[in-house]
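K.L.:
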Amino acid sequence: MMVVLALVAAFAAAPGNPEDDSPAFMEVAAEVGIDFVHYNGMTGQLYTAEVVGAGVALFDYDNDGDLDVYLGQGRCFDGDEDREPIFQPPAAEPTDRLFRNGLTETGQLRFTDVTAAVGLHAPGYNVGIATADYDRDGWVDLYLTNLGSNQLLRNLEGRGFEDRTAFAGADDRRFSVPAVFFDYDADGWLDLYVGNYHRFHRANRKRCFLTGGKPDYCGPLSHPAEADRLFRNQGDGTFVDATLRSGLGRASVAPATALGAVAADFNDDGLVDLYVANDQMANHLWLNQGDGTFLEDAVFAGAAFDRDGRPQASMGVAASDFDGNGAPDIFLSHLVREHNTLYLNDGDGLFDDRSREAGLVDASWPMTGFGAASLDADGDGVLDVYVVNGAVRRIESQVEAGDLHPLRMENQLFRGLGGGRFEGVPAERRERPVHIEVSRGLAVGDLDNDGDPDLVISNNAGPARVLLNQRRPGNDWIGLRLVEPADDGGGQRLVDVYGARARLKDAGGWRRVHTDGSYAAARDPRLLFPLPGDDDPAEEGAVRVVEVRWPDGVSEEMEVQIGRYNVLKRTAAARGTPP
């Protein structure tokens, strides 16, 4: 375990609990070297696309054992070069930026901008980011969803990134937001889903207005929705468009306005499914049929609409077991006056909207939520939810006050109480200092390798924020990385096994390996298990038993050490035949 910033010592051991006044998180972006400011290119034309980005990703690009940070950037819109921008760009040519974490080398959480050093070239107008080792060479790659052409960046063994978009055949020249890497055909190679929003071009924009007659951003239904795409990984560095063959492009399912997406086995049949959060349209639940096709079943399953049968403006999505029955539930963030939604899974893939019973409605009613992620912020063994907020329709009071970006809202932390119930954490116990911004992307990961989850937030037309968890767990935690050998010939490099699950043998629920979900973001694939309830500090080197279930259904029990990250390799004996 590495040394954390000195500012941590000022806070108590379990922040965010009702008995504790100290904040759960401390915002430390400037202190740790993250100086990124997002530029959305706005010039007063009120283009819908300018307020939906941008992306953020936490991933270990150089394989040194700590998380690095990638932040997506906006651009001036083509054709608007002669218009005066509302906000000045941070550089003559705004660019995505990559920040390298120096924790492993120095023992201090400190980031260095290596954008130029690695020769990063990402010229698109970024909206979201997905991460995965798509070619199984042991190095995590990037997929950037953009307004227009997307970009697949292959990791060159930590030295830089190579644009393989054209060669791989994985582009979708539309208005893409979510992207998900998942192995839907169980052949060992990660396939790629790309969700698209609506048909946008600055020339076809419509004009919309506030109730008082002042200009405003238009909603998602002001333009035709775009169809999503599914690309099947062929195992040779290329993808083939499988949208039609898989059923995702069938004529009976109309295109929808995708903003969030997450892959998980929702009906416990051993096959990975796909859930898509659509803006003001019915959500989609694509159930994997095991023959390379999907069946869209959200209405029957109870996860298409709210409990009153209405579509919501779904943005962020988190799939985790919130009620402890072993099945992944679905949490969604929505538009102001719609409230966050919790669909509880009965274990067979049938869902019930339990938002009101969960205690989510009143607190989220006045908010417009984007990034939403599950995490155990306070280390009590119960999952919490962090939601970042920011309006998409101009807030009249902020307009009257002269705010140049009148979409600002406060973010929220919902503390899990168990059984799928939550309580809101007041701002002063959530984080310090409190920022009211236009937040979009939210990525969860253990930045300082101390055993508790930290957060990185991307703000539209604002600075990125780094929220460092203040819990200080000591040795009372277990970290897991579930892997298998890469296809590098020597077996020295490792690949994270997306879809693998693990739990403590004697307590606790399942956690699954994934980087998707939230909104426009990619999270840490490692799994964290706090060990609450121990009166005495755990001894370094003590062991516990975990149960691991691999995607092919094979289970293993393994001893792991507490107070550290354990790398658990999938053995040859655990490679069964896909169900």
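Numbering (the numbering used here), first residue to last: 5 to 583.
Ideal Cβ positions, reconstructed from N, Cα and C, are used throughout, including at glycine.
Round the Cβ separation of residue 194 and residue 186 to the nearest angstrom and send it over; I've been treating them as touching at under 8 angstroms.
P.N.:
Their Cβ separation, rounded to whole angstroms, is 7 angstroms, which keeps residue 194 and residue 186 in contact under 8 angstroms.
K.L.:
Count the other C-beta atoms from every protein chain shown that fall within 10 angstroms of the C-beta of residue 85, then say buried if there are 16 or more, exposed otherwise.
P.N.:
The residue in question, residue 85, is exposed, as its Cβ has fewer than 16 Cβ neighbours within 10 Å.
K.L.:
Mind pulling the alpha helix (DSSP H) runs of 4 or more residues that sit fully within the region 423 to 490?
P.N.:
You should have 431 to 434.
K.L.:
Counting along the chain, where does the beta strand (DSSP E) carrying residue 565 start and finish?
P.N.:
First-last of the beta strand (DSSP E) with residue 565: 559 to 565.
K.L.:
Run through DSSP, which three-state label would residue 415 get?
P.N.:
If DSSP states are grouped into helix, strand and coil, residue 415 belongs with coil.
K.L.:
So, helix, strand or coil for residue 161, using DSSP?
P.N.:
Here residue 161 sits in coil by DSSP.
K.L.:
Based on Cα-Cα distance, which residue from 358, 63, 27 and 201 lies nearest to residue 258?
P.N.:
For residue 258, the nearest C-alpha among the options comes from 201.
K.L.:
Can you tell me whether DSSP reads residue 58 as helix, strand or coil?
P.N.:
Of the three classes helix, strand and coil, the one that applies to residue 58 here is coil, per DSSP.
K.L.:
For residue 273, which of 351, 567 and 25 has the nearest alpha-carbon?
P.N.:
It is 351 whose Cα lies nearest to the Cα of residue 273.
K.L.:
Would residue 455 and residue 532 qualify as a contact pair, given that the criterion is a beta-carbon distance under 8 angstroms?
P.N.:
Result yes, Cβ atoms of residue 455 and residue 532 sit closer than 8 angstroms.
K.L.:
Assign residue 208 to one of two classes, buried (16 or more other C-beta atoms within 10 Å of its C-beta) or exposed (fewer than that).
P.N.:
When all chains shown are included, residue 208 counts as exposed.
K.L.:
Tell me which residue opens and which closes the alpha helix (DSSP H) that residue 362 is part of.
P.N.:
Taken as a continuous stretch (DSSP letters only), the alpha helix (DSSP H) holding residue 362 covers 359 to 362.
K.L.:
Have a look at residue 13 and residue 380 and give me their C-alpha separation to the nearest angstrom.
P.N.:
Low confidence applies to residue 13: its pLDDT is 35, below 50, so where it sits in the model is not reliable enough to give any reading.
K.L.:
Run through DSSP, which three-state label would residue 404 get?
P.N.:
Helix.
K.L.:
Look up residue 396 in the DSSP assignment and say whether it is helix, strand or coil.
P.N.:
Residue 396: coil per DSSP, three-state reduction.
K.L.:
What are the boundary residues of the alpha helix (DSSP H) that includes residue 110?
P.N.:
Looking at the DSSP string, the run of the alpha helix (DSSP H) that includes residue 110 is 107 to 110.
K.L.:
Using a threshold of 8 angstroms, state whether the C-beta atoms of residue 412 and residue 386 are closer than that.
P.N.:
Their beta carbons are not under 8 angstroms apart, which means residue 412 does not touch residue 386 by this criterion.
K.L.:
Just confirm the distance between the C-beta atoms of residue 417 and residue 32, as a whole number of angstroms; I'd bet it's less than 8 angstroms.
P.N.:
Incorrect: roughly 17 angstroms between the Cβ atoms, too far for contact.
K.L.:
Go through the region 83 to 147 residue by residue and report every complete run of the beta strand (DSSP E) that reaches 3 residues or more, in order.
P.N.:
Whole beta strand (DSSP E) segments, 3+ residues: 101 to 105, 115 to 117 and 130 to 136.
K.L.:
So, with DSSP's three-state summary, where would you put residue 40?
P.N.:
Reduced to three states, the DSSP call for residue 40 is coil.
K.L.:
Report the three-state DSSP secondary structure of residue 278 (helix, strand or coil).
P.N.:
Strand at residue 278.
K.L.:
Helix or strand or just coil, what does DSSP make of residue 167?
P.N.:
Here residue 167 sits in strand by DSSP.
K.L.:
Once the 5 residues before and after residue 298 are set aside, which same chain residues still bring their CB inside 8 angstroms of it?
P.N.:
Cβ within range, chain order: 188, 250, 251, 252, 277, 278, 290, 291 and 292.
K.L.:
First and last residue of the beta strand (DSSP E) that includes residue 211?
P.N.:
That residue, residue 211, is in no beta strand (DSSP E); it is neither H nor E in DSSP.
K.L.:
Is the CB-CB distance between residue 131 and residue 58 below 8 angstroms?
P.N.:
Yes.
K.L.:
Check whether the Cβ atoms of residue 43 and residue 206 lie closer than 8 angstroms to each other.
P.N.:
No, these two residues do not count as a Cβ contact at 8 angstroms.
K.L.:
Would you mind listing the beta strand (DSSP E) stretches within the region 268 to 339 that are 3+ residues and don't spill past its ends, in chain order?
P.N.:
Counting only runs of 3 or more, we get 277 to 282, 288 to 292, 298 to 300, 321 to 324 and 333 to 336.
K.L.:
Starting from residue 345, trace the beta strand (DSSP E) in both directions and tell me its first and last residue.
P.N.:
Element bounds for residue 345: 345 to 349.
K.L.:
Roughly how many angstroms separate the alpha carbons of residue 359 and residue 346, rounded to a whole number?
P.N.:
Their backbone Cα atoms lie some 5 angstroms apart in a straight line.
K.L.:
Once the 5 residues before and after residue 372 are set aside, which same chain residues still bring their CB inside 7 angstroms of it?
P.N.:
The answer, listed in chain order, is 339, 340, 393, 394, 395, 396 and 413.
K.L.:
Roughly how many angstroms lie between the CA atoms of residue 87 and residue 48, to the nearest whole one?
P.N.:
Approximately 9 angstroms, taken between the alpha carbons.
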